[in-house]
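*Asks:* Protein chains in written order, with the numbering used here: chain A, 1 to 336; chain B, 337 to 868. C-beta atoms are modelled at their ideal positions from N, C-alpha and C, and glycine is treated no differently. Quick caveat, the model's predicted, so the values are computed rather than measured.
1) If you draw a straight line from the C-alpha of residue 335 of chain A to the C-alpha of residue 200 of chain A, how long is it?
2) Report yes if the CB atom of residue 404 of chain B is closer than 8 Å to the CB atom of residue 314 of chain A, and no otherwise.
3) Closer than 7 Å between beta carbons: that is the criterion. Which residues of the region 744-757 of chain B meet it against chain A?
4) Below 8 Å, can you find three or more Cβ-Cβ pairs linking the region 178-185 of chain A to the region 426-441 of chain B?
5) Roughly how many angstroms separate the alpha carbons of residue 850 of chain B and residue 740 of chain B, rounded to a whole number?
6) Roughly how many whole angstroms lie between the Cα atoms of residue 764 of chain B and residue 709 of chain B?
7) How many whole angstroms separate the CB atoms of residue 469 of chain B and residue 340 of chain B, which I take to be in contact at a CB cut-off of 8 Å?
8) Per DSSP, residue 560 of chain B is paired with what?
9) Would you identify the three-state DSSP class for residue 19 of chain A, choosing helix, strand or coil?
10) By Cβ distance below 8 Å, which residues in the same chain neighbour residue 243 of chain A in space, the five residues on each side in sequence not counted?
11) Just reading off the beta strand (DSSP E) that residue 73 of chain A is part of, what are its end residues?
12) Along chain A, which residues have their Cβ under 7 Å away from the Cβ of residue 414 of chain B?
13) Going along chain A, which residues have a C-beta under 8 Å from residue 482 of chain B?
14) Select from the region 304-334 of chain A all residues with a C-beta closer than 8 Å to any C-beta belonging to chain B, and list them in chain order.
15) Please list the segments of the alpha helix (DSSP H) lying wholly inside the region 223-266 of chain A, counting only runs of 4 or more residues, in order along the chain.
16) What residues from the region 414-441 of chain B come within 8 Å of chain A, judged by C-beta to C-beta, listed N to C?
17) Tell me whether residue 659 of chain B is buried or exposed, calling it buried when 16 or more other Cβ atoms sit within 10 Å of its Cβ.
18) Given residue 54 of chain A, which residues of its chain have a CB within under 8 Å of its CB, disregarding the five upstream and five downstream residues?
19) Since residue 240 of chain A meets chain B, which of its residues come closer than 7 Å, beta carbon to beta carbon?
20) From what residue to what residue does the alpha helix (DSSP H) around residue 10 of chain A run?
21) Quick check: the region 495-504 of chain B against the region 689-697 of chain B, are there 3 or more CB pairs under 8 Å?
22) Excluding the five sequence neighbours on either side, which residues of its own chain have a C-beta within less than 8 Å of the C-beta of residue 627 of chain B, listed in chain order?
23) Is residue 826 of chain B helix, strand or coil when you go by DSSP?
24) My understanding is that residue 332 of chain B touches residue 657 of chain B, with C-beta atoms under 8 Å, so please give their C-beta distance in whole angstroms.
25) Please list, in chain order, the chain A residues whose beta carbon lies closer than 9 Å to that of residue 401 of chain B.
26) Could you say if the region 469-485 of chain B and the region 419-437 of chain B meet the contact criterion of at least three C-beta pairs nearer than 8 Å?
27) Please confirm whether residue 190 of chain A and residue 123 of chain A have their CB atoms less than 8 Å apart.
28) Does DSSP put residue 349 of chain B in a helix, in a strand, or in coil?
29) Distance, Cα to Cα, residue 747 of chain B vs residue 558 of chain B?
30) Tell me the rounded alpha-carbon separation between residue 483 of chain B and residue 490 of chain B.
31) Which runs of the beta strand (DSSP E) fall wholly inside the region 339-403 of chain B and span at least 3 residues, in chain order?
32) Between the region 278-288 of chain A and the region 145-159 of chain A, can you find at least three pairs of beta-carbon atoms closer than 8 Å?
33) Output the distance between the C-alpha atoms of residue 774 of chain B and residue 737 of chain B, rounded to the nearest integer angstrom.
34) What's the C-alpha gap between residue 521 of chain B and residue 384 of chain B?
35) Considering only DSSP beta bridges, list what residue 741 of chain B is partnered with.
36) Taking just the CA atoms, how far does residue 56 of chain A sit from residue 343 of chain B?
This is how it looks when you write it as structure tokens:
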């Protein structure tokens with residue numbers, strides 16, 4: 001038996017598997033990178049060899065161009081590969097389209113690097129699969145007990161009700177461009193909202209990719225092609241940074257600013273951003289999901305990658321588990 | 337509780353006044369009595385509950401959460417009540433929250449030792465938004481950006497009335513205000529204020545504009561000095577005296593000496609509250625120390641004695657004289673004052689003049705004399721609530737100006753949320769013994785520019801940002817703003833040691849090099865001297 005920390009550990013370029021000679025989600029260019037999902041703090045350009053799910057590879061190519069890595073190897077979900085004697089399996093993480101946990105087995109021990117994950121339902125990606133393991137590597141973006149997300153479908157209904165109540169006002173919905181954007185569209189469609197949805201330029205490419213990959217998102221159009229009259233009373237989506245910026249001046253004097261994010265659980269965050277309708281929808285596990293998942297994996301050791309590692313490590317120690325913060329650099333604690 | 341929670345939740349993130357008013361009115365129309373009355377109380381003068389709120393919350397949480405996690409959460413959320421609402425376990429099965437009136441009844445009739453149990457049992461029956469709203473309801477000021485006046489305006493909307501109608505009876509009413517709602521809905525008469533000395537909405541002035549002068553006849557107007565204190569109304573009846581701010585807040589507890597001075601009178605008087613020492617009006621700052629207090633110490637009474645300079649009389653011996661002309665009211669004011677002789681008061685003197693040119697001489701001397709400006713009051717005007725046009729004018733002393741350098745900019749709110757409209761500017765300071773100069777901030781302004789200028793400023797700020805902290809941008813110090821302001825005061829809150837009153841952007845000096853902007857020494861030289 002080889003203890004996991006002897007063959008998987010944080011190195012200067014990122015989380016490194018020594019016998020396999022590969023990194024997982026390295027923040028800087030490396031020779032061989034395994035990528036859990038397409039968010040830019042996990043999937044970066046410039047690696048020589050990339051192993052990821054087909055969807056993640058497609059996302060990387062849309063974001064960074066077809067030549068953003070030396071070569072790409074696809075990892076189908078559920079299939080096992082062996083790299084230099086390390087068994088490697090990609091398993092759905094439920095975070096965004098193509099997102100995976102990476103299951104590593106070596107020397108009779110199993111580690112799961114979960115990337116970012118959630119347990120709540122999401123019509124745009126496969127649900128999280130639980131893999132029992134010895135070491136569970138977890139995120140901690142929303143690891144404070146105040147974070148308990150709302151049901152995403154009921155939050156989508158709140159938005160639809162607000163649009164119905166304010167037919168004169170444009171609803172400007174701020175969303176993270178990859179994952180949250182397409183999930184919100186899918187949720188709205190599932191709740192019967194079938195009007196055209198207008199997209200800020202930064203959201204167009206990835207939304208088209210989701211549609212090309214067979215996810216039905218209905219009538220989505222670039223906002224740049226809209227006449228001003230089209231936008232009145234309509235739903236327009238944009239990245240969070242555009243919500244209050246010059247671009248939003250097209251939306252009339254008094255748009256309803258909406259933001260869909262786990263951070264909206266805290267009123268001060270909504271007020272700070274000038275958000276009138278905060279929707280508490282997240283693609284990350286909330287506090288109970290984090291704790292349940294960790295317990296269910298049966299892992300003896302829990303390694304925390306990024307986010308509120310202080311609170312999570314403290315809670316796990318109260319629960320009698322060995323937990324430590326990996327203090328990996330390069331991940332966004334705040335992006336959602 | 338559910339409808340109240342939804343309303344409060346929306347109010348907390350709605351920025352526009354009209355949006356807030358619509359939310360409040362809709363809630364107050366639809367909610368039953370007495371729940372809506374208790375909600376109204378929470379949004380205005382506060383519920384009449386005495387709860388050791390902070391201690392109870394901390395005891396409840398100590399028994400339910402780990403202290404480290406609570407502290408980490410509280411630090412992140414920034415508000416204790418909200419943290420408790422978020423951390424409290426959500427019941428597994430759907431629950432129905434109690435009505436507001438039930439909760440208030442329980443708490444009103446309970447011993448203090450029972451408060452914690454009641455609060456816990458209510459929290460157990462609520463969803464997360466309801467828990468937050470409940471804690472805001474019973475925890476004092478809800479801080480959702482709703483002023484007491486806006487809440488009263490929403491009540492007035494129900495009856496299609498002006499808010500002044502509500503204000504005139506407000507202080508004679510008690511929560512849960514059922515007779516007020518009955519009156520607004522037309523099912524009963526206007527509540528009788530009885531012997532309570534209620535507030536009567538104030539008459540306010542417009543600034544006099546250059547375009548106004550040709551249409552004004554000096555013979556029609558009386559002039560007074562504009563005193564730099566706070567406008568108040570003293571309402572006295574049957575030995576009871578209240579001091580009201582211009583918005584109708586009862587500020588009596590902060591000014592016991594004024595209450596005693598009027599105890600033997602039966603009037604409603606309008607005047608300026610000042611701090612006066614040895615016949616000299618103290619700077620506004622001294623008065624500020626006395627404001628917003630539930631009680632005053634004898635030291636404060638001694639060191640910052642209050643004084644009321646009287647402008648007008650609305651009621652004399654129970655008689656409503658507001659319909660009389662200013663001149664007639666002034667006579668009544670003088671004769672009443674000579675008769676009752678309340679201590680700590682005097683009359684605001686009339687400034688004699690026959691031509692506006694003559695008056696302009698006084699106006700020019702106002703700053704030298706330490707006076708804020710002049711008031712013009714139409715002799716024939718009745719006392720009208722609000723800010724009616726053409727009756728009273730304020731003619732503020734000419735503004736001072738300084739050339740300052742733009743240092744920081746922050747996004748505005750509402751319609752200005754995509755524009756950097758809140759500007760912080762500074763002047764040059766030379767450190768003792770040093771050759772180099774540095775900029776120190778002296779003020780912040782949001783107005784004075786046109787929409788076109790605002791767009792130009794916004795473009796400049798974006799193109800010259802050196803650092804960003806949240807919504808604030810630091811900009812390269814190279815744009816000179818000519819800032820107009822009423823006065824400069826010493827301040828411990830600012831690094832420069834000074835603060836400006838009423839600053840606004842007078843001109844944008846695109847042409848002027850930042851090096852040539854004004855200095856801190858020049859700014860300090862403008863600090864007001866006490867008025868005679």
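*Replies:* Taking the definition as stated:
1) Approximately 18 Å, taken between the alpha carbons.
2) Contact: yes.
3) Within the region 744-757 of chain B, those residues whose Cβ lies closer than 7 Å to any Cβ of chain A are, in chain order, 747, 749, 751, 753 and 754.
4) Result no; under three Cβ-Cβ pairs closer than 8 Å.
5) Cα to Cα, the separation comes out at about 8 Å.
6) If I take the Cα positions, the gap works out to 30 Å.
7) So it is a contact: roughly 6 Å between Cβ atoms.
8) B/686 and B/711, per the DSSP bridge assignment.
9) Coil, per DSSP.
10) Excluding positions up to five away in sequence, the list reads 172, 174, 257, 259, 273, 274 and 275.
11) Secondary structure note for residue 73 of chain A: its beta strand (DSSP E) is the uninterrupted segment 69-74.
12) Think of a sphere of 7 Å around the beta carbon of residue 414 of chain B: the chain A residues whose beta carbon falls inside it are 268, in chain order.
13) At a C-beta separation below 8 Å, residue 482 of chain B has no neighbours in chain A, since its nearest C-beta there lies roughly 14 Å away.
14) Result list: 308, 310, 311, 314, 315 and 318.
15) Within the region 223-266 of chain A, the runs of alpha helix (DSSP H) at least 4 residues long that lie entirely inside it are, in chain order, 228-231.
16) Those would be 414, 415, 418, 419, 422, 423 and 426, in chain order.
17) Exposed, by the Cβ-count rule.
18) Contacts found: 74, 76 and 98.
19) By Cβ distance, chain B contributes nothing, its closest Cβ being about 13 Å from residue 240 of chain A, past 7 Å.
20) Careful: residue 10 of chain A lies outside any alpha helix (DSSP H), inside the beta strand (DSSP E) at 8-11.
21) Because the criterion of three Cβ pairs below 8 Å is not met, the region 495-504 of chain B and the region 689-697 of chain B do not touch.
22) Answer for residue 627 of chain B: 566, 587 and 590, listed in chain order.
23) Here residue 826 of chain B carries a strand assignment [DSSP, helix/strand/coil].
24) Past the edges of chain B, shown from 337 to 868, lies residue 332 of chain B, and the structure says nothing about it.
25) By Cβ distance, chain A contributes 145.
26) Contact between the region 469-485 of chain B and the region 419-437 of chain B is present, because at least three Cβ pairs lie under 8 Å.
27) At a Cβ-Cβ threshold of 8 Å, residue 190 of chain A and residue 123 of chain A count as neighbours.
28) Helix.
29) It is roughly 44 Å from the alpha-carbon of residue 747 of chain B to the alpha-carbon of residue 558 of chain B.
30) Linking residue 483 of chain B to residue 490 of chain B through their CA atoms gives a straight-line distance of about 11 Å.
31) Listed in chain order, there is nothing to give.
32) The region 145-159 of chain A and the region 278-288 of chain A touch, with no fewer than 3 CB-CB distances between them shorter than 8 Å.
33) Taking the straight line from one Cα to the other gives about 20 Å.
34) Taking the straight line joining both Cα atoms gives about 25 Å.
35) DSSP output for residue 741 of chain B lists B/762 and B/816 as bridge partner(s).
36) Computed Cα separation, rounded: 43 Å.
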